[in-house]
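Participant:
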Amino acid sequence: MYVVVAGETLLPVGGAARRPADPVQAVRELEAGQRPRWVWADTRESYPPLLERGVRVARCHDLALTEGLLLAHEGRYGEPRSARAAHARL
1064 MYVVVAGETL LPVGGAARRP ADPVQAVREL EAGQRPRWVW ADTRESYPPL LERGVRVARC
1124 HDLALTEGLL LAHEGRYGEP RSARAAHARL
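Residues in the sequence shown are numbered from 1064 upward in steps of one, following this note's numbering.
1) With distances taken Cα to Cα, identify the nearest neighbour of residue 1105 among 1094, 1076, 1143.
2) Step through the CB atoms of chain D and report whether any lies within less than 9 Å of the CB of residue 1089.
3) Roughly how far, in whole angstroms, is the beta-carbon of residue 1122 from the beta-carbon of residue 1100, given that I think they are within contact range, below 8 Å?
4) Compute the beta-carbon to beta-carbon distance between residue 1146 and residue 1126, rounded to the nearest angstrom, for a pair I have assumed lies under 8 Å.
5) Which residue's Cα is closest to the Cα of residue 1093: 1140, 1118, 1107?
6) With DSSP collapsed to three states, give me the class of residue 1147.
7) Let me confirm a value: residue 1113 is counted as buried when at least 16 other C-beta atoms fall within 10 Å, else exposed. Which label applies?
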């Protein structure tokens, strides 16, 4: 599993963070070789640069979307739904 922080830092679970010179190429190589599960703060920000260069990922978790679903389940519509907002509610 890889966590993508701010679209630039790749953080493999259990490993050291890395900032590749070309993050899109790094995702392309990891996706082709390891088929990881990605964790993105918000797909609307993370995925377009990949799609523009022809990179698709097979599996990912979108923290903003997940937070939105959980808030909606509780009837808390309209609240901020980012990883940062979720952390602030802890």
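Every residue, glycine too, gets a C-beta built ideally from N, C-alpha and C. Computed from a predicted model, the values in this text were never measured in an experiment.
Facilitator: On the basis of the data shown:
1) Counting from 1 along the sequence shown, the entry for residue 1105 is found at position 42. Of 1094, 1076, 1143, the residue nearest in Cα terms is 1143.
2) Note that chain D does not occur in the displayed structure, where there is just one protein chain.
3) For the purposes of this step, residue 1122 is identified with residue 59 of the sequence shown, where counting begins at 1. For the purposes of this step, residue 1100 is identified with residue 37 of the sequence shown, where counting begins at 1. Between the beta-carbon of residue 1122 and that of residue 1100 there is about 5 Å, and that keeps the pair under the 8 Å contact cut.
4) To locate residue 1146, count along the sequence shown from 1; it is residue 83. To locate residue 1126, count along the sequence shown from 1; it is residue 63. So it is a contact: roughly 4 Å between Cβ atoms.
5) Your numbering for residue 1093 matches position 30 in the sequence shown. Selected option, being the one with the closest Cα: 1118.
6) One-based indexing of the sequence shown puts residue 1147 at position 84. Residue state, collapsed to three classes: helix.
7) Counted from its first residue, the sequence shown places residue 1113 at position 50. Looking at its Cβ environment, which holds 16 or more other Cβ atoms inside 10 Å, residue 1113 is buried.
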